[in-house]
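What follows is a single structure, written as structure tokens, with notes after it.
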Amino acid sequence: MQLAIQTWGLTKKYGDFVAVDSLDLEVKQGEVYGFLGPNGAGKTTTILMLLGLTEPTSGRLRVLGYDPMRQPLKLKRLVGYLPENLGFYDDMTAKQNLLYTARLNGISFVEAESRIAKLLDALMLSDAADVKVSAFSKGMRQRLGMADVLLKDPQLLLLDEPTSGIDPEGVRQILDMIVECRARGKTVLLSSHLLYQVQKVCDRVGIFVKGRLIASGTIQHLGREVIAGDRYVVEAEVPDATPALEETLRGLEGVIKVDRAGSTFTIECRSDLRGVLAKAIVASGYTLTQIRSHEYALDEIYARYFGGEPKG
Amino acid sequence: MTGTLTIALKELSDYLGTKRFWFLFTIIYVAGLMAAYLGIQALVQARVERSFLLLFRASSGALPPFLFFIMYFGPLLGIALGFDAVNKERAKNTLVRLLSNPVHRDAVINGKFLSGVSIVTIVVFGILGIASGLAIRVGLVPNLDELARLVVFAAVTILYIAGWLALSQLLSILFAHTSTSAVASFAIWGFFTFFWTPIASLVAGNLIPDPNSLERITLEQNLYRISPTVLFLEAVLVILTPTARFLNPISLSELEYVIPNPLPLLQSLNLIWPHIIALVAFVLVCFLTSYIIFVKQEVRG
């Protein structure tokens, strides 16, 4: 698969402060990549470098086949950027703001009118089209920002904290938009410190701390590798469990560790032994109500990396 | 170029929509008309010379002549149009969004400058048009040479105000807060308009103590001319005074050979070429500095 974004040793320093430290990032075309990390981890700086708005101190990067510093205009035609601190011209209406973006992108007036109508409709902003942006709520501004990004029909979307500080309904609309973008074959790089949302829509996640990408992969992959030390964790629900069963399971080939809390077993094994375990439980005469492999939640991964309580 | 034009048109409609602009616009027009009206009164009373151009440099005494009025207030118009050009966009977080679209950074500066100059052009031609209309009503009809001089006067005025626009735009790039760039712009304006001439005299007096020597006078005059305000005043006085022949001191013996008749426009222009070039340089230096700083600047506030 082709890569939409590729960086080699990308570094940005502000004086002695290293904002981004030799980042090697690969984002495939057509995937939603979650850029995860606490505030100040260097996510925004990275995005600005991807757009050619900030010059890297060292390293190379390629975005949609272009060098952002050398061919910024060609790249900016194909990339939609939603900044974290989103600003609009307050004295202009929502529609006037979008028309200005359309003109800057060389979209004809007629084409722009129809695109804007569709986008405002999809984002539930049709009623506010002719309202000055100064009267907009945070959620409305954020949705207008999505419209602004999608207006030029970009191939790559760089969304910096698109859902921070808005209500659940607004979050849902924006996440729906992201899913829809993926369905239309667009690549999305989504930066966030909100785990739950990233988990919902991202194909892959990169964890970014203090300017370094410390892990990258699917959530399952990250969980297995990071938390369980490359082990499979199976959860089984046995209402009539006894210590004898615990011993039986421990004796099975490939089982490393068995924990029991009431009727719930947490079994670590070298490979996916769900079938073997289920058979063993039933064969010993117990009732098995549920067996499943443990789904890693992003906050477990997050907490593991950051040591503290994850937000969101 | 399309980016520049798009930005210029948006800025133009922005200016025309702000109260700040209309407030200033009204003040400039009312004061300009007052000056023109008083100028005409002075002309009607005068017996010696009743030329059309005199309107712009004559005064009945109640108000300074029209020319001075432009010299003082013109820069304020330029500053009002430029002092928050870039830092306002930065403060409102619109700069990042603007630059994430396919426009070069210089298009932002160019577009904003272009729209500012358009406004200045409209204001200058508007006010000169109304003043001329007043003059024609009282029977002071300009001839072709005077009309040409009026156009040159307008052009130099636009250039002068454009310089202040470029300067305030530069300050809006240098300073993050609009209030800082506004105060800095006014401080520079005040310095060159009110304090530069006495300072220049002081410096010249210290370097060459003899107050009557030609060197002293020449030095003093050249120091004055560092100020764009002085350059503008001298250039415009020559244009509006067809009989003006020199800007620099000359000896009495040279004066004997002078025939006191008016110069053709081209000869007057010859006299003030250096001034015009200096004013163009004022615009260019501000502009290029803006460009160099802005291209290297971080887009985040």
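Protein chains in written order, with this note's numbering: chain A, 1 to 312; chain B, 1001 to 1301.
Where a beta carbon is used, it is the ideal one built from N, C-alpha and C, also for glycine.
This one's a predicted model, so the numbers in the text were calculated from it and none came from an experiment.
Residue-chain proximity (residue i, chain B), Cβ-Cβ < 8 Å
i      : result
A/D16  : no
A/N105 : yes
A/P168 : no
A/L48  : yes
A/D153 : no
A/K311 : Per-residue confidence for A/K311 stands at a pLDDT of 40, beneath the threshold of 50, marking its modelled position as unreliable; the derived number appears in the next sentence. Not one chain B Cβ lies under 8 Å of A/K311.
A/L53  : yes
A/Y232 : no
A/Y302 : no
A/D91  : yes
A/T101 : yes
A/S137 : no
A/G308 : Legend: pLDDT at A/G308 = 47, less than 50; position of this residue unreliable, value from coordinates given subsequently. For A/G308, the answer is no, since every Cβ of chain B falls outside 8 Å of its Cβ.
From the options, residue whose alpha carbon lies closest to that of residue i
i       : options                               : result
A/P154  : A/R184, A/G9 and A/I174               : A/R184
A/L48   : A/L194, A/D160, A/V179 and A/L245     : A/D160
B/G1037 : B/W1022, B/L1055, B/I1122 and B/F1023 : First, the amino acid is wrong: residue 1037 of chain B is Tyr here, not Gly. Of the candidates B/W1022, B/L1055, B/I1122 and B/F1023, the one whose C-alpha sits nearest the C-alpha of B/Y1037 is B/L1055.
B/I1040 : B/I1027, B/V1108, B/N1110 and B/R1057 : B/R1057
B/L1099 : A/G80, A/F109 and A/L99               : A/G80
A/R292  : A/A283, A/S284, A/R270 and A/T266     : A/T266
A/H294  : A/M140, A/T264, A/I281 and A/V201     : A/T264
A/K28   : A/T93, A/R143, A/A4 and A/L53         : A/A4
B/N1093 : A/A19, A/N85, A/P162 and A/L104       : A/N85
A/P72   : A/T289, A/A135, A/L51 and A/V171      : A/L51
A/L78   : B/I1217, B/N1101, B/L1279 and B/Y1072 : B/N1101
B/L1067 : B/V1285, B/L1150, B/P1211 and B/G1190 : B/L1150
Bridge-paired residues (DSSP) for residue i
i       : result
A/W8    : A/R60
A/T289  : Per DSSP, none; premise fails for A/T289.
A/R212  : A/V209
A/C269  : A/Y232 and A/V255
B/Y1224 : None, per the DSSP bridge assignment.
A/L82   : A/L159
Close beta carbons around residue i, own chain, < 6 Å, minus the five adjacent residues each side
i       : result
A/P310  : Caution is warranted here: a pLDDT of 41 is assigned to A/P310, below 50, making its placement in the model unreliable, and the coordinate value is therefore given only provisionally. These residues qualify, in order along the chain: L195, D299, Y302 and A303.
A/E268  : R231, V233, I256 and K257
A/R270  : G254
A/T218  : R204
B/T1289 : L1170
Cβ shell of residue i (< 8 Å), same chain only, five flanking positions each side left out
i       : result
A/I207  : L36, G37, L213, I214, A215, S216, L222, I301, Y302 and Y305
B/A1148 : L1265
B/I1130 : Y1029, G1032, L1033 and A1036
B/S1181 : F1083, D1084, N1087, S1168, L1171, S1172, L1174 and F1175
B/Y1243 : A quick correction: the sequence has Thr, not Tyr, at residue 1243 of chain B. For B/T1243, where only same-chain residues beyond five positions count, the Cβ hits under 8 Å are P1260, N1261, P1262 and L1263.
B/F1294 : V1086, R1105, D1106, V1108, I1109 and I1173
B/L1024 : L1076, L1077 and A1080
A/L273  : Y232, V234, L252, G254, V255 and I267
A/C202  : V32, Y33, G34, L190 and I219
Own chain partners of residue i with C-beta closer than 7 Å, once the 5 adjacent residues on each side are dropped
i       : result
B/F1282 : G1163 and P1228
A/Y286  : V238, D240, A241 and L245
A/K95   : I116, A129 and D130
B/S1059 : L1038, G1039, A1042 and P1065
A/L119  : A147, L150 and L151
A/K177  : This sequence places Met at residue 177 of chain A; Lys is not what is there. Around A/M177: M146.
B/L1271 : V1238 and L1247
B/V1299 : L1095, V1096 and L1099
A/N39   : H193
C-beta neighbour in chain A for residue i, strict 8 Å
i       : result
B/V1117 : no
B/R1057 : no
B/L1114 : no
B/G1178 : Strictly speaking, residue 1178 of chain B in this sequence is Thr, with Gly absent from that position. No - not a single Cβ of chain A is within 8 Å of the one on B/T1178.
B/Y1160 : no
B/S1100 : yes
B/V1103 : yes
B/N1093 : yes
B/T1006 : yes
B/V1096 : yes
B/K1088 : no
B/G1111 : no
B/T1002 : yes
Cβ-heavy atom distance, residue i to the ligand NAP, below 7 Å
i      : result
A/E295 : Questions concerning the ligand NAP fall outside what the structure shown contains, since it holds no ligand whatsoever.
Give me the subset of the region 68–88 of chain A whose CB atoms are less than 7 Å from a CB atom of chain B, sorted by chain position.
L73, K76, R77, Y81, P83, N85, L86, G87 and F88
Selection of the region 1015–1027 of chain B by Cβ proximity to chain A, strictly under 9 Å
G1017 and T1018
Can you pull out the residues from the region 187–212 of chain A whose beta carbon lies closer than 8 Å to at least one beta carbon of chain B?
none
Name the residues in the region 1286–1301 of chain B whose C-beta lies less than 9 Å from a C-beta of chain A; which are they?
K1296, E1298, V1299, R1300 and G1301
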